[in-house]
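S.K.:
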Amino acid sequence: MRSGRGTAAAACLRAALLLPALLTMLIAAASSSAAEGGKSGSGKAHNYEEALRKSLVYFEAQRSGRLPHGQRVPWRDHSGLTDGLEQGVDLVGGYYDAGDHVKFGLPMAFTVTMLSWSMIEYGADVAAAGELAHALEAIKWGTDYFIKAHTQPDELWAEVGDGDTDHYCWQRPEDMTTSRQAYKVDRDHPGSDVAGETAAAMAAASMVFRKSNPHYAHLLLHHAQQLFEFADGYRGQYDSSIAEVKSYYASVSGYKDELLWAALWLHRATGKASYLDYVVDNAHDFGGTGWAITEFSWDVKYAGVQILAARLLLRGEHTAEQKRTLEQYQAKAEHYVCACLGRNAAGGEDANVERSPGGMLYIRQWNNMQYVTNAAFLLSTYADYLAGAGVGTVACAGGETAGAGEVAALARAQVDYVLGSNPRGVSYLVGYGAKYPARVHHRAASIVPYKHSKQFIGCTQGFDHWFGRRSSNPNVLVGAIVGGPDRRDRFRDNRDNYMQTEACTYNTAPMVGMFAKLNRMAREEKVAAEV
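If you use mature numbering (1 follows the signal peptide of the UniProt record, and there is no 0), the sequence shown corresponds to residues -34 to -1, 1 to 497, in order.
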């Protein structure tokens, strides 16, 4: 089976970059959805603290390598213990991206970047909920692997396993018999996108560990700086160097967005002016001030780049010469924000994001929830940046404006949709609420736990005995956010419906920050109501 990121998804993304078929929506939809914010399908208030706790458990289910004694997912065991052995390098560890057992470097790095960004913005809220240690563990599980994978200044191992052979089998990771071939990028086979994203992840993570583990933070920053120099000095797309990744995580947007993204994170982590100079000097040539984007994902980073650049403008962290370029970045950041709100009056139907009848932002049918959760995070952080600067509105294309409060309300409405405030009353966060997907497209979750039955399950045996079962998975993939419903809020909870029922690490990562922030807000609202 191809699991949610294949050639069709790449083709859709390529079309989206060139001609996104997105429909203009009215702000009334956002207001109506926001009005229901904080309530489940049954009308009960959402428990954001529970959602936060469960979202962090999910990353333990996705671990590859030798699992620690404190592992909280009992149905998982050690796996991938010989990764890298054939190539003479230790590549044990890291995360499986979704319901299969390939370790794809680009989405794994993006996952860690978003986990780290969650902590940078909302780490105090995570700590207040008692989840700081688990959040740090989730990030460190990824960054420990990146340290191993960055074997030379100009060499990064970007994939372990082969998607084609992996998808022919339905096995537990503990039983894997598929190829564990490892693939790298280097000077002769560049991969600026994967190296740039890994640099961004390690730079952002270095900020998270700066107080609790300064030596580790320094090590991460050292790797990040080396990786950025490699990515910039030897430019090229990683899917041209690693053909095996093209059908799964093709770099459709190219590598220029990752170079800008990495430079911005390195600037934030180091304060060095040279990184901001890079972002300003390459703004036009790299598309940073040119692309008006309506999505943000593991591949397309422009909206994130533009919002980080706008933050610098709002905070006044720039020179007089840089101001004009940062204003151009901000204009594109606000195009993204207004697109989500449906408030861009210029640019036609392509200028705004489609909305489902239930209020969900809709980009495309394959794992649409990744765009929802990432949009919620970007909208939330931008609303916070505006508030911090004392700015009350955003400027939309065509002369319209939108209030910063509307931006924050839409972010919350998207989170609440995920948690069950939707026409079906279904929580798309597995394990949360009364109704959630029971047949997640996930090999380990759908087969009897290894610790309960160590009898070997072969490659096709899993398809014969487990994949086709109509019953619920024997293991609940707590904290996973599945691909979610279609443009009309329809969802089919079948294991073979991988477009909707497969979960990915980068779906959940931005929600760690969102759940933490909304938990704090809900408590503040409760206190205010009692006064």
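A virtual CB, placed ideally from N, CA and C, is assigned to each residue, including glycine.
On the CB-based measure, 16 or more other CB atoms within 10 Å of its CB, does Thr471 come out buried or exposed?
M.R.: Taking the first residue of the sequence shown as position 1, residue 471 is located at position 505. It counts as buried.
S.K.: Cutting at 7 Å between CB atoms, please list the residues of its own chain near Asp63, excluding the five before and the five after it.
M.R.: Counting from 1 along the sequence shown, the entry for residue 63 is found at position 97. For Asp63, where only same-chain residues beyond five positions count, the Cβ hits under 7 Å are Phe70, Pro73, Met74, Cys470, Thr471.
S.K.: Is the region 129 to 148 close to the region 35 to 50, with three or more CB pairs under 8 Å?
M.R.: yes
S.K.: Do Gly108 and Val78 come within 7 Å of each other at the CB atom, strictly closer than that value?
M.R.: Working through the sequence shown from its first residue, we reach residue 78 at position 112. Working through the sequence shown from its first residue, we reach residue 108 at position 142. Cβ distance < 7 Å, so Val78 and Gly108 count as in contact.
S.K.: Since I believe Lys267 is in contact with Asp223 (beta carbons under 8 Å), could you give me their beta-carbon distance rounded to a whole number of angstroms?
M.R.: The residue given as residue 223 occupies position 257 in the sequence shown. The residue given as residue 267 occupies position 301 in the sequence shown. Correct: roughly 4 Å between the Cβ atoms.
S.K.: Tell me the DSSP bridge mates of Ser45?
M.R.: Your numbering for residue 45 matches position 79 in the sequence shown. Looking at the DSSP assignment, Ser45 forms a beta bridge with Gly31.
S.K.: Determine the direct distance from the alpha carbon of Ala488 to that of Ala494, and round the result to whole angstroms.
M.R.: For this step, residue 494 is matched to residue 528 along the sequence shown. For this step, residue 488 is matched to residue 522 along the sequence shown. Computed Cα separation, rounded: 10 Å.
S.K.: Per DSSP, which residues does Arg321 bridge with? Please list them.
M.R.: Here the question's residue 321 lines up with position 355 in the sequence shown. Answer is Leu327, bridged to Arg321.
S.K.: Could you pull the start and end residues of the beta strand (DSSP E) that Gly371 belongs to?
M.R.: Here residue 371 is taken as the residue at index 405 of the sequence shown, counted from 1. Looking at the DSSP string, Gly371 is not in any beta strand (DSSP E); the run it does join, the alpha helix (DSSP H), is 370 to 385.
S.K.: With Tyr24 and Lys483 assumed to form a contact (beta carbons below 8 Å), what rounded beta-carbon distance in angstroms separates them?
M.R.: Looking up residue 24 in the sequence shown gives position 58. Looking up residue 483 in the sequence shown gives position 517. Their Cβ separation, rounded to whole angstroms, is 18 Å, which puts Tyr24 and Lys483 out of contact at 8 Å.
S.K.: Just checking my contact of Ala228 with Gly162 at CB under 8 Å: how many whole Å lie between their CB atoms?
M.R.: Indexing the sequence shown from 1 puts residue 228 at position 262. Indexing the sequence shown from 1 puts residue 162 at position 196. Sure, about 4 Å apart at Cβ, within 8 Å.
S.K.: Which residue or residues does DSSP assign as beta-bridge partners of Lys150?
M.R.: The count along the sequence shown starts at 1 and reaches residue 150 at position 184. Beta-bridge annotation (DSSP): Lys150 is paired with Trp123.
S.K.: Are the beta-carbon atoms belonging to Ile86 and Ala171 less than 7 Å from one another?
M.R.: As a working note, residue 86 is residue 120 in the sequence shown. As a working note, residue 171 is residue 205 in the sequence shown. Annotated as distal: Ile86 and Ala171, with beta-carbon spacing of 7 Å or more.
S.K.: Under a three-way DSSP split, which group does Lys417 fall into?
M.R.: Counted from its first residue, the sequence shown places residue 417 at position 451. Note: Lys417 maps to coil in three-state DSSP.
S.K.: With distances taken between CB atoms, is the gap from Leu443 to Ala475 smaller than 7 Å?
M.R.: Along the sequence shown, read from residue 1 onward, the residue named residue 443 stands at position 477. Along the sequence shown, read from residue 1 onward, the residue named residue 475 stands at position 509. For Leu443 and Ala475, no; Cβs fall outside 7 Å.
S.K.: Which residue marks the beginning of the beta strand (DSSP E) containing Val360, and which one marks its end?
M.R.: Taking the sequence shown and counting its residues from 1, one reaches residue 360 at position 394. First-last of the beta strand (DSSP E) with Val360: 359 to 361.
S.K.: Classify Gln118: buried if its beta carbon has 16 or more other beta carbons within 10 angstroms, exposed otherwise.
M.R.: On the sequence shown, position 152 is the one that residue 118 refers to. Per the 10 Å Cβ criterion, exposed.
S.K.: Under the rule that 16 or more other beta-carbon atoms within 10 Å means buried, what is Asn439, buried or exposed?
M.R.: Taking the sequence shown and counting its residues from 1, the one referred to as residue 439 is at position 473. Its Cβ being crowded by 16 or more others within 10 Å, Asn439 is buried.
S.K.: Which stretch, first to last residue, makes up the alpha helix (DSSP H) that contains Asp205?
M.R.: Reading the sequence shown from its first residue, position 239 is the one you call residue 205. Unbroken alpha helix (DSSP H) run through Asp205: 204 to 207.
S.K.: Using the three-state DSSP reduction, which class does Phe175 fall into: helix, strand or coil?
M.R.: If you number the sequence shown from 1, residue 175 lands on position 209. It is coil, neither helix nor strand.
S.K.: Using a Cβ-Cβ cut-off of 7 Å (strictly less than) and excluding sequence neighbours within five positions of Cys304, which residues of its own chain qualify?
M.R.: The residue given as residue 304 occupies position 338 in the sequence shown. Around Cys304: Asn310, Val360, Cys362, Ala363, Ala368.
S.K.: Pairs of beta-carbons, one from the region 422 to 429 and one from the region 373 to 380, closer than 8 Å: are there three or more?
M.R.: no
S.K.: Drop a sphere of 10 angstroms on the beta-carbon of His233, count the other beta-carbons inside from all chains shown, and report buried for 16 or more, exposed for fewer.
M.R.: As a working mapping, residue 233 is identified with position 267 in the sequence shown. Label assigned to His233: buried.
S.K.: Opposite Ala469 in the DSSP bridges: which residues?
M.R.: If you number the sequence shown from 1, residue 469 lands on position 503. DSSP, once it has assigned bridges, lists Val448 as partnering Ala469.
S.K.: So the alpha helix (DSSP H) Met80 belongs to, where does it begin and stop?
M.R.: Your numbering for residue 80 matches position 114 in the sequence shown. Unbroken alpha helix (DSSP H) run through Met80: 71 to 94.
S.K.: What is the rounded straight-line gap between the Cα of Ser207 and the Cα of Asp43?
M.R.: Taking the first residue of the sequence shown as 1, we reach residue 207 at position 241. Taking the first residue of the sequence shown as 1, we reach residue 43 at position 77. Taking the straight line from one Cα to the other gives about 33 Å.
S.K.: For Arg277, count neighbouring C-beta atoms within 10 Å of its own C-beta (all shown protein chains included) and say buried if the count is 16 or more, exposed if not.
M.R.: Locating residue 277 in the sequence shown gives position 311, where the first residue counts as 1. That one is buried.
S.K.: Quick one: what's got a C-beta closer than 6 Å to Pro139's C-beta in the same chain, skipping five residues either side?
M.R.: Numbered from its first residue, the sequence shown carries residue 139 at position 173. Excluding positions up to five away in sequence, the list reads Ser45, His67, Ala410.
S.K.: Tell me whether the beta-carbon of residue 524 lies closer than 7 Å to the beta-carbon of Thr144.
M.R.: There is simply no residue 524 to check, as the chain begins at -34 and stops at 497 in what is shown.
S.K.: In terms of DSSP beta bridges, what is Thr367 paired with?
M.R.: By one-based count along the sequence shown, residue 367 stands at place 401. Answer is Ala361, bridged to Thr367.
S.K.: Between Met480, Ala400, Val396, which has its C-alpha nearest Arg378's C-alpha?
M.R.: Residue mapping note: residue 378 aligns to position 412 of the sequence shown, counting from 1. If we check each option's Cα against that of Arg378, Met480 comes out closest.
S.K.: If you count every other CB in all the chains shown that lies within 10 Å of the CB of Thr285, and 16 or more means buried, which is it?
M.R.: Translated into the one-based positions of the sequence shown, residue 285 becomes position 319. Answer is exposed; the Cβ neighbour count stays below 16.
S.K.: Is Ala99 helix, strand or coil by DSSP?
M.R.: Residue 99 sits at position 133 when you count from the first residue of the sequence shown. Reduced to three states, the DSSP call for Ala99 is helix.
S.K.: Answer with buried or exposed for Asp91, where buried requires no fewer than 16 other C-beta atoms within 10 angstroms of its C-beta.
M.R.: Here residue 91 refers to the residue found at position 125 of the sequence shown. Asp91 comes out buried.
S.K.: Quick test of your reading: Gly324 and Asp455, contact by CB under 8 Å. State the CB separation rounded to the nearest angstrom.
M.R.: Mapped onto the sequence shown, residue 324 falls at position 358. Mapped onto the sequence shown, residue 455 falls at position 489. Their Cβ separation, rounded to whole angstroms, is 4 Å, which keeps Gly324 and Asp455 in contact under 8 Å.
S.K.: Whose C-beta lies closer than 6 Å to the C-beta of Glu491 among residues of the same chain, with five residues either side of it excluded?
M.R.: Residue 491 sits at position 525 when you count from the first residue of the sequence shown. Counting only Cβ-Cβ distances below 6 Å, and skipping sequence neighbours, we find nothing.
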